[in-house]
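Asker: In this note's numbering, the protein residues as written are 2 to 315. Every residue, glycine too, gets a C-beta built ideally from N, C-alpha and C.
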Amino acid sequence: MAKNEEYIRKPDWLKIKINTNESYTGLKKLMRNKSLNTVCEEARCPNIHECWSERKTATFMILGDTCTRGCRFCAVKTGLPTELDWGEPARVAESVQIMGLQHVVVTAVARDDLKDGGAAVFAETVRRIREVNPGCTIEILPSDMKGDYESLTTLMSSAPDIFNHNIETVRRLTRRVRARAMYDRSLTLLQRVKEISPKTPTKSSIMVGLGETKEEIIETMDDLLAHDVDIMTIGQYLQPTKKHLKVERYYHPDEFEELKQIALSKGFSHCEAGPLVRSSYHADEQVNAASAQRRIKYMKGYEEQEEKEVDFTF
């Protein structure tokens with residue numbers, strides 16, 4: 002691999018296919034009309050065209066578009082957040098219905114300004130989605146909520162199909178990469194989910210290319226497994242702007258495949274690993290059997306209705 006220069010040139014395998022079909026443009030228009038944010042856009046996800054245009058999945062970002070933290074890898078803006086919008090859960094649920102989504106991921110900016118970290122709004126969003134879209138499976142991706150157990154209990158009361166919280170990087174690099182986050186606090190949060198809801202799959206993600214070693218990646222796998230995490234995703238860190246951390250090196254697809262096989266051999270039930278993999282990538286494939294069956298049963302009935310095109314007008 003090329004050694005770190007001021008900016009390492011992106012390799013060919015990081016080229017993406019742009020697909021701005023009617024589904025993609027319709028979703029984009031819908032998000033603006035409903036005053037909603039998606040992490041797909043805010044975090045500049047390279048898979049946005051595939052997910053929006055082909056897979057019928059999306060990741061909504063609630064609690065505003067301004068994060069109270071300033072992680073050095075993240076493109077989401079940092080500052081003083083706006084007031085809570087209690088109309089947001091209903092708008093998200095309605096948008097999921099309009100889009101006919103089969104699986105939805107709900108994430109949020111970190112709201113350290115709130116006592117519960119936004120857990121109440123988060124839980125209400127999940128409940129409203131399920132009320133309006135009974136066949137849609139739901140994954141949640143919250144911040145660590147400063148490790149508050151009561152806030153986590155509030156959030157888990159909404160019974161999501163998957164709980165996701167990203168460890169992001171190896172222990173040694175956490176302080177440099179993640180603002181105000183703690184490696185062990187994230188691990189504890191993931192394990193507490195299992196204590197509250199043993200049957201809910203838990204998931205975490207790590208970025209590579211920030212200067213970690215292979216041994217440290219494997220140690221992180223072991224730490225996650227020791228805290229009962231079921232699913233892991235591994236992707237390439239991509240520098241969003243010149244103000245963010247530089248890429249130390251790009252991993253080859255073969256290296257990602259090797260890491261995936263190591264993760265599966267260690268005991269993860271599912272692992273997605275690749276240069277363009279992000280935390281929500283192919284998330285619809287990772288729900289547990291009961292949740293998947295519920296979705297399949299509902300979607301079968303949905304498809305047997307009179308066929309009609311999705312209408313993004315209001």
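1. Would you identify the three-state DSSP class for Met359, choosing helix, strand or coil?
2. Taking only three categories from DSSP, how would you classify Lys215?
3. Is Gly210 a contact residue of the ligand NAD, with contact defined as CB to any heavy atom under 7 Å?
4. CA-CA distance, Val230 and Asp13?
5. Identify whether Gly275 lies in helix, strand or coil by the three-state DSSP scheme.
6. With Thr189 as the anchor, note down where its alpha helix (DSSP H) starts and where it stops.
7. What is the DSSP secondary structure of Val105, counted as helix, strand or coil?
8. Mind checking which residues open and close the alpha helix (DSSP H) that includes Lys147?
9. By the 10 Å Cβ neighbour count, where 16 or more other Cβ atoms means buried, how is Thr203 classified, buried or exposed?
10. Give the straight-line distance between the Cα atoms of Gly71 and Phe123, rounded to the nearest whole angstrom.
11. Any idea what DSSP makes of Asp162, helix, strand or coil?
12. Please classify Ser270 as buried or exposed, where buried requires at least 16 other C-beta atoms within 10 Å of its C-beta.
13. Under 8 Å: do the segment 72–87 and the segment 148–157 share three or more Cβ pairs, one atom per stretch?
14. Got a sec? Which residues, its chain only, sit under 7 Å from Ala211 by beta carbon, not counting five neighbours each side?
15. Taking its Cβ as the centre, do 16 or more other Cβ atoms sit within 10 Å of Gly88, making it buried, or is it exposed?
16. Taking the beta carbon of His253 as the centre, do at least 16 other beta carbons fall within 10 Å, making it buried, or is it exposed?
17. Within 10 angstroms of its Cβ, does Ser266 collect 16 or more other Cβ (buried), or is it exposed?
18. Ile63 and Val93 - do their beta-carbons sit closer together than 8 Å?
19. What are the start and end residues of the beta strand (DSSP E) that includes Thr126?
20. Following the continuous alpha helix (DSSP H) through Thr175, name the residue where it begins and the one where it ends.
21. Helix or strand or just coil, what does DSSP make of Glu221?
22. Go ahead and pull the three-state DSSP assignment for Lys204.
23. Count the other CB atoms, across all protein chains shown, that sit within 10 Å of the CB of Thr60; report buried if there are 16 or more and exposed otherwise.
24. How long is the line joining the alpha carbons of Thr221 and Ile168, rounded to whole angstroms?
25. Let's test the definition: count the other Cβ atoms within 10 Å of the Cβ of Arg10 and tell me whether it reaches 16, buried, or not, exposed.
26. Report the residue from Thr189, Glu258, Glu216, Pro241 whose alpha carbon sits nearest the alpha carbon of Leu225.
27. Relative to the alpha-carbon of Glu84, which residue among Phe74, Val97, Asp66, Met208 has its alpha-carbon at the smallest distance?
28. Just the C-alpha distance for Val278 and Arg186, rounded to the nearest angstrom, thanks.
29. Strictly by DSSP, which residues pair up with Ala94?
Answerer: So, from the listed chains and residues:
1. Absent from the structure is residue 359, since the part of the chain shown begins at 2 and ends at 315.
2. helix
3. With respect to small molecules bound, the structure shown includes none, and the ligand NAD cannot be examined in it.
4. 33 Å
5. If DSSP states are grouped into helix, strand and coil, Gly275 belongs with the strands.
6. 184–197
7. strand
8. Unbroken run through Lys147: none, as it is neither H nor E.
9. buried
10. 21 Å
11. coil
12. exposed
13. no
14. Ala is not the amino acid found at residue 211; the sequence shown has Leu there. Taken in chain order, the residues that qualify are Thr170, Leu174, Val178, Tyr238, Leu246, Glu249.
15. Its Cβ having fewer than 16 others within 10 Å, Gly88 is exposed.
16. exposed
17. With fewer than 16 other Cβ atoms from the protein chains shown falling within 10 Å of its own Cβ, Ser266 counts as exposed.
18. yes
19. Thr126 -> not in any beta strand (DSSP E); alpha helix (DSSP H) instead, spanning 120–133.
20. 175–178
21. The sequence given here places Thr at residue 221; Glu does not occur at that position. Three-state DSSP puts Thr221 in a helix.
22. strand
23. buried
24. 9 Å
25. When all chains shown are included, Arg10 counts as exposed.
26. Of the candidates Thr189, Glu258, Glu216, Pro241, the one whose C-alpha sits nearest the C-alpha of Leu225 is Thr189.
27. Asp66
28. 24 Å
29. Beta-bridge pairing links Ala94 to no other residue.
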